[in-house]
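A short write-up of the structure that comes next.
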Amino acid sequence: MSTFFIRTATPRDMAAVSELLAETWQATYGAIYDAERVAEITGMWHTEKALRARLGQPDSEFLVADDGTRLGGMAFARAASDDRTLLVLHHLYVRPDAQGQGVGTDLFSEIAGCFPQATRIRVEVEEANDKAVGFYVGLGFARVGTSDGGIGLPALVFERPLGAFDA
Ligand SMILES: CC(C)(COP(=O)(O)OP(=O)(O)OC[C@H]1O[C@@H](n2cnc3c(N)ncnc32)[C@H](O)[C@@H]1OP(=O)(O)O)[C@@H](O)C(=O)NCCC(=O)NCCS
Numbered sequence: 350m351s352t353f354f355i356r357t358a359t360p361r362d363m364a365a366v367s368e369l370l371a372e373t374w375q376a377t378y379g380a381i382y383d384a385e386r387v388a389e390i391t392g393m394w395h396t397e398k399a400l401r402a403r404l405g406q407p408d409s410e411f412l413v414a415d416d417g418t419r420l421g422g423m424a425f426a427r428a429a430s431d432d433r434t435l436l437v438l439h440h441l442y443v444r445p446d447a448q449g450q451g452v453g454t455d456l457f458s459e460i461a462g463c464f465p466q467a468t469r470i471r472v473e474v475e476e477a478n479d480k481a482v483g484f485y486v487g488l489g490f491a492r493v494g495t496s497d498g499g500i501g502l503p504a505l506v507f508e509r510p511l512g513a514f515d516a
């Protein structure tokens, strides 16, 4: 049972989210890619400035898991289609020492529930990331294809339906 509660992110969280992502990316992808490549990617995507630009994007939601003293995880999702039926989960990261306590599941449930018009949710997962693949399969996701990950990092594409009783 985790002590983290889920809330909407604010601009003041972005420095802590940036630090959380740097730590979690090194722990997750440092073994898959070299540390330099991971640092390069986090330096592009996960700066405070880049994260602030995501806050308040139309049809998106940015959540953090907070225990009152620090952030344990974050999630960002955005509707991908004009009719808002397809939701894309762009980020879901839980700090290594907060993993395995239900924080990821809580973030997922909360963010999925923020998009009542969505009927499907999609996520891309690095193939070698067994933990994340196990997590999403456990949540009912099924593999629907592959992707180049946008920047040449190949990924598996997973989807699952969303419905009134899912959140
Ligand atoms: C993947 C991640 C988001 C899961 O969050 P979490 O808080 O650790 O997950 P939870 O505690 O909510 O676990 C929920 C379920 O996931 C599955 N799961 C978790 N860790 C797992 C592992 N190592 N192997 C297989 N399944 C796993 C289990 O089914 C678990 O349910 P259970 O506790 O009843 O067994 C988190 O581990 C993480 O951030 N990892 C690093 C970053 C990452 O890979 N993010 C996803 C990028 S797409």
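Residues 350 to 516 in my numbering are what the sequence shown spells out, letter by letter. Ideal Cβ placement from N, Cα and C applies to all residues, glycine included. Just so you know, these numbers come straight off a predicted model, no measurement behind them.
Distance from T373 to Y442 at the Cβ level is roughly 5 Å; contact confirmed, criterion being Cβ atoms closer than 8 Å. For S367, the closest C-alpha among the options A384, G379, A399 is that of A399. Between A429 and L420, the C-beta gap is not smaller than 8 Å, which leaves the two residues out of contact. For R471, the uninterrupted beta strand (DSSP E) run begins and ends at 469-475, by DSSP.
F490 and G483 have their C-alpha atoms some 10 Å from each other.
Take the alpha-carbon of P510 and the one of G449: they are about 24 Å apart.
In the three-state reduction of the DSSP assignment, P445 falls in the helix class.
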